[in-house]
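Below you'll find the structure, written out as structure tokens, and then a few comments.
Chains as they are written, first to last, in this note's numbering: chain A, 104 to 402; chain B, 104 to 402.
So, in structure tokens, the structure goes:
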């Protein structure tokens with residue numbers, strides 16, 4: 104047998120065969136934009152179709168993130184994968200328009216931070232669409248296409264929330280898609296996702312914003328005196344309100360008990376500041392969970 | 104006139120003339136240890152006397168941070184500057200012992216994170232001591248001498264809280280001392296310091312700990328799924344409880360309203376999650392104060 108390990112170079116078609124031939128991304132923010140950049144890099148022979156406002160599309164064209172673009176969904180007719188990457192409630196509206204714009208069978212997923220609402224709405228899709236909710240958990244200090252990066256998902260979980268028995272094959276394709284971007288795909292139920300994310304993501308965000316607002320109102324011009332502790336603790340306070348309005352509105356029943364749990368801890372502290380045992384117990388708990396959080400993570 | 108700009112090199116006495124000849128540091132943690140390292144570097148002809156447990160003193164000796172050391176204060180008799188660098192309530196006890204151990208006139212300062220208690224206690228010192236409270240606001244992710252660095256204070260505020268009219272000359276010397284370490288010295292009243300720090304430092308710390316404890320209890324083994332947002336927001340949750348028991352106990356009346364202010368914001372959020380205007384107002388506030396916080400700061 105000859106040694107066939109040398110790579111076969113095909114000048115016009117390098118890279119892996121695409122898992123999906125024509126990917127339509129609706130919304131080129133941090134997540135949608137990063138998926139576009141990753142897809143173009145991984146599957147140069149595939150097509151990336153994007154829908155967003157004209158100025159965002161121009162930026163994306165300059166960065167070679169997309170092939171076909173328009174500010175209305177009429178360009179997505181041929182897509183075999185549709186990714187809803189707008190804020191959650193806008194994704195719900197887009198979902199209702201897919202039958203009108205997409206001409207063939209297609210896999211549909213989304214990248215929203217809450218899953219029950221979109222999974223529920225997807226039940227109304229015609230049967231030629233297979234919907235599996237998704238949530239790539241890559242984050243960055245800033246949002247928008249300007250912050251998008253092809254490697255945003257590297258090493259980060261990408262959660263999928265399959266809700267029908269018939270979606271196994273689709274789930275496998277989406278797992279392969281997510282893995283190709285460097286993400287670590289996981290499957291769980293939409294309700295479990297929403298409960299977990301209320302604590303892991305929504306509570307820290309709302310706390311960071313509330314803390315910054317409370318401290319700013321009290322400290323005002325003295326803020327620059329603060330040390331790195333406050334700077335780190337309030338990094339999320341720079342997040343834009345728009346996507347968070349949708350997250351809060353579609354996950355209120357899960358975020359509310361998370362807020363209650365924090366308020367209970369803060370109230371216990373307020374009433375026990377002079378009681379060393381109260382402080383010690385809280386810090387011991389916090390130390391232990393912080394260690395768990397950092398397990399296997401680089402600082 | 105000859106050009107006298109060339110430096111005069113004195114092989115056995117390089118560096119600036121010491122502002123204080125014999126500095127006694129009681130407690131070689133992150134702050135006390137960093138002051139020792141800085142002082143030895145800036146004023147090699149001066150003497151650094153340290154009091155701490157034997158194992159800490161050994162580490163400090165290995166790093167050439169100190170000249171004279173003991174685990175009891177009998178070594179500080181000759182000091183012209185005494186720095187109380189133990190946890191706040193231990194500093195109060197040390198203050199009461201100074202008359203016994205220090206033989207001559209001396210300037211006394213501390214590095215604690217609350218100032219009213221120590222300033223009040225210092226009023227009982229014999230008149231040969233001049234006390235000015237201090238708070239160098241250098242921080243690090245970890246405490247203890249292992250984390251001490253000569254440049255910990257570079258560019259950070261070092262607040263002094265003079266409380267008698269007779270301390271102007273001493274304040275000037277302490278300002279010069281702080282400036283020499285790279286810190287930016289500032290003066291304010293002890294009450295103003297304690298009110299401000301309750302918001303700028305004590306509230307973020309307690310919130311970081313409470314948030315980590317609440318999230319850990321709810322998410323448990325799923326914690327590693329969390330993103331960088333949670334990691335940053337809870338960095339302070341690694342802080343040790345010991346120094347915070349003292350801070351909470353000596354600044355409770357100021358920390359309590361700070362906790363109340365945060366609880367009020369979180370409660371408003373809890374009751375308005377589905378109201379876009381509530382989220383928008385909070386995020387706009389937070390965005391604005393976050394920008395103020397970051398003014399002129401490197402990310």
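Backbone N, C-alpha and C fix where the C-beta goes; we use that ideal spot for every residue, glycine too. The model shown is predicted, which means the values in this text are computed figures rather than measured ones.
Is the CB of residue i under 8 Å away from at least one CB in chain A?
| i | result |
| --- | --- |
| residue 148 of chain B | no |
| residue 195 of chain B | no |
| residue 261 of chain B | no |
| residue 258 of chain B | no |
Give me the chain B residues within the contact set of residue i, using Cβ-Cβ distance strictly less than 8 Å, ordered along the chain.
| i | result |
| --- | --- |
| residue 94 of chain A | Missing from the structure shown is residue 94 of chain A; chain A here goes from 104 to 402 and no further. |
| residue 132 of chain A | Those within 8 Å of residue 132 of chain A in chain B number zero; the least Cβ separation is about 16 Å. |
Can you list the residues of chain A that residue i reaches, using a CB-CB cut of under 7 Å?
| i | result |
| --- | --- |
| residue 302 of chain B | 318, 321, 322 |
| residue 383 of chain B | 344, 348 |
| residue 395 of chain B | 319, 326 |
| residue 274 of chain B | The premise fails here: residue 274 of chain B is roughly 18 Å from chain A at the closest Cβ pair, so nothing lies under 7 Å. |
Taking 8 Å as the CB-CB limit, is residue i close to chain B?
| i | result |
| --- | --- |
| residue 342 of chain A | yes |
| residue 239 of chain A | no |
| residue 112 of chain A | Model confidence at residue 112 of chain A stands at a pLDDT of 42, short of 50, so the residue's coordinates are unreliable; what they give is reported in the following sentence. No, its Cβ sits nowhere closer than 8 Å to a Cβ of chain B. |
| residue 217 of chain A | no |
| residue 122 of chain A | no |
| residue 359 of chain A | yes |
| residue 364 of chain A | yes |
| residue 352 of chain A | yes |
| residue 398 of chain A | yes |
| residue 299 of chain A | yes |
| residue 355 of chain A | yes |
| residue 392 of chain A | yes |
| residue 115 of chain A | Confidence at residue 115 of chain A is low in this model, with a pLDDT of 41, below 50, so the placement of that residue should be treated as unreliable; the coordinate-derived value is given next. So no, residue 115 of chain A is outside the interface. |
| residue 107 of chain A | In this prediction, residue 107 of chain A scores a pLDDT of 40, lower than 50, which makes its location untrustworthy; the coordinate-derived value is nonetheless stated afterwards. No, residue 107 of chain A does not count as interfacial toward chain B. |
Listing by chain order, which chain A residues have their CB less than 8 Å from the CB of residue i?
| i | result |
| --- | --- |
| residue 311 of chain B | 332, 336, 389 |
| residue 242 of chain B | 330, 331, 332 |
Name the chain A residues that come within less than 9 Å of residue i, Cβ to Cβ?
| i | result |
| --- | --- |
| residue 226 of chain B | What residue 226 of chain B touches in chain A: nothing, since even the nearest Cβ is about 22 Å away. |
Report the neighbours of residue i on chain B: residues whose CB is nearer than 7 Å to its CB, in chain order.
| i | result |
| --- | --- |
| residue 277 of chain A | Near residue 277 of chain A there are no residues of chain B at all, since even the closest Cβ is about 18 Å away, more than 7 Å. |
Kindly give me the distance between the Cβ atoms of residue i and residue j, rounded to whole angstroms, as I take these residues to be in contact under 8 Å.
| i | j | result |
| --- | --- | --- |
| residue 308 of chain A | residue 332 of chain B | 6 Å |
| residue 241 of chain B | residue 376 of chain A | Their Cβ separation, rounded to whole angstroms, is 25 Å, which puts residue 241 of chain B and residue 376 of chain A out of contact at 8 Å. |
| residue 313 of chain A | residue 392 of chain B | Not a contact, Cβ separation roughly 11 Å. |
| residue 196 of chain A | residue 180 of chain A | Not a contact, Cβ separation roughly 19 Å. |
| residue 151 of chain A | residue 175 of chain A | About 17 Å; that fails the 8 Å criterion. |
| residue 385 of chain B | residue 368 of chain B | 7 Å |
| residue 305 of chain A | residue 361 of chain A | 7 Å |
Going by other Cβ atoms of all chains shown within 10 Å of its Cβ, with 16 needed for buried, is residue i buried or exposed?
| i | result |
| --- | --- |
| residue 143 of chain B | buried |
| residue 265 of chain A | buried |
| residue 399 of chain A | exposed |
| residue 121 of chain B | buried |
| residue 190 of chain B | buried |
| residue 348 of chain A | buried |
| residue 260 of chain B | buried |
| residue 123 of chain B | buried |
| residue 288 of chain B | buried |
| residue 167 of chain A | exposed |
| residue 210 of chain A | buried |
| residue 394 of chain A | exposed |
| residue 229 of chain A | exposed |
| residue 430 of chain B | Residue 430 of chain B is absent from the structure shown; chain B starts at 104 and stops at 402. |
| residue 158 of chain B | exposed |
| residue 271 of chain A | exposed |
| residue 147 of chain B | exposed |
| residue 284 of chain A | buried |
| residue 125 of chain A | buried |
| residue 208 of chain B | exposed |
| residue 156 of chain B | exposed |
| residue 323 of chain B | exposed |
Run through chain B and tell me which residues come within less than 9 Å of residue i, C-beta to C-beta.
| i | result |
| --- | --- |
| residue 129 of chain A | By Cβ distance, chain B contributes nothing, its closest Cβ being about 21 Å from residue 129 of chain A, past 9 Å. |
| residue 386 of chain A | 312, 316, 340, 342, 343, 344, 345, 347, 348 |
Where the stretch 367-382 of chain B meets chain A: residues whose CB sits under 7 Å from a CB there: 368, 369, 370, 372, 373, 376, 377, 379, 382
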